[in-house]
Amino acid sequence: MCRQRSAAIAGNLPAAIPSSHQLHQLKGPAPMALTFSVITCTWNSATYLQESIASLLAQDHPDIEYIFVDGGSTDGTLEQIRALDRPYQLLENVRGGVSRAMNEGLRVATGDVIAYIHSDDYYLRPDVLSRVARHLEETGRQWLFGRTMTLLDGKLYPDGYIAPRFSYHQLLRGNFIPHPATFVRRELMLRAGGFSTDLKYAMDYDLWLKLAKLADPVQLDEPLAAFREHEGSLSSSSRTRLAAMTEDFRVRLAYASKNPVERLAHYARYFVRRQRVIHAKGNA
11 MCRQRSAAIA GNLPAAIPSS HQLHQLKGPA PMALTFSVIT CTWNSATYLQ
61 ESIASLLAQD HPDIEYIFVD GGSTDGTLEQ IRALDRPYQL LENVRGGVSR
111 AMNEGLRVAT GDVIAYIHSD DYYLRPDVLS RVARHLEETG RQWLFGRTMT
161 LLDGKLYPDG YIAPRFSYHQ LLRGNFIPHP ATFVRRELML RAGGFSTDLK
211 YAMDYDLWLK LAKLADPVQL DEPLAAFREH EGSLSSSSRT RLAAMTEDFR
261 VRLAYASKNP VERLAHYARY FVRRQRVIHA KGNA
């Protein structure tokens, strides 16, 4: 799911982001003609929402559409949204899960580029959207992803792994595309059909695989957003990690080759990863 994180977060985190894996760099200024629709899904999110909103309002890109999709909050979330001093869209009482909420945001969006930043995540710099726009303009690509950092106990950590160079084959081996650092042109999102409402955890991985069949992304080796680990996040428990891992595996098999050797390799990787999570839980 969009909230699942690598098990490396719970282990030894590197002190710095490696600089040797540069994949794409800007060559010069480009016009910022692209417009953005940034969609935030909320449900009793008052504790962390202000920081997420602040990172949105701090963006220096001139044309951003703010869309909030709320699942029936009762804790002051709606009051925080309504206090915004600029235009926004608010869809209230949207039930049916996170995928439906994200799809509802997409349904009303009018921007050229769709971004999702969850209520407890935030952009790391005020130029994130403007840099994304320049990369998409310069390359002509239809989607882009960068990296994230993890906010844990008040400290920011690198995301704990070095993402491989993008290819469809590598993506089938495992999801290394972070949800809050992914930006997709709206036309491509609509072609891909949005998020599957049949999935609880792996809806983002499923979407990335659909997008990857349609177009190659720009891959940035730089952190764009922060992902917050806390007790209420959907990735916080070992049980949730195991459930998410199993759903990821089922999605992977749905897109994988029918070649029995390749499918056996997917089964082997899943078993090893599952045992690592179980072992980590036993040692916790």
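In the numbering used here, the protein residues as written are 11 to 294. Even for Gly, the Cβ is constructed at its ideal location relative to N, Cα and C.
State the Cα-Cα distance for the pair residue i and residue j, rounded to the nearest angstrom.
i	j	result
Q285	R260	17 Å
S267	E61	43 Å
V228	V282	30 Å
P239	V79	It should be noted that the sequence gives Glu, not Pro, for residue 239. Between E239 and V79, the C-alpha separation is close to 22 Å.
P28	A125	Only weak support is given to the placement of P28: the predicted model assigns it a pLDDT of 33, under 50, and the question is left unresolved by the model.
T160	P190	11 Å
R96	L116	20 Å
R279	I91	43 Å
V118	N54	22 Å
E147	Y178	23 Å
In chain order, what residues of the same chain lie with their CB nearer than 8 Å to the CB of residue i, ignoring the 5 residues before and after it?
i	result
G106	T207
L263	R273 and H276
Q69	Y133, P136, D137, V138, L139 and S140
Does residue i come out as helix, strand or coil in the three-state DSSP assignment?
i	result
I91	helix
F186	coil
T84	coil
T207	coil
D226	coil
A275	helix
D214	helix
D231	strand
DSSP beta-bridge partners for residue i?
i	result
E75	S47
Y167	T160
F237	T160
R195	V123
W153	V194
Q99	I77
Could you give the C-beta distance for residue i and residue j, rounded to a whole number, given that I count them as a contact under 8 Å?
i	j	result
G86	A111	Contact flag wrong, Cβ pair sits at about 19 Å.
T52	S109	With a Cβ gap of about 15 Å, T52 and S109 do not count as contacting.
I74	F46	5 Å
L185	Y215	First, the amino acid is wrong: residue 185 is Asn here, not Leu. With 8 Å as the limit, N185 and Y215 qualify as a contact, their Cβ atoms being about 4 Å apart.
E89	V104	So it is not a contact: roughly 18 Å between Cβ atoms.
I187	W218	5 Å
Leaving out five residues on either side along the sequence, give the residues of the same chain with a beta carbon under 7 Å from the beta carbon of residue i.
i	result
L134	M159, P233, L234, A235 and A236
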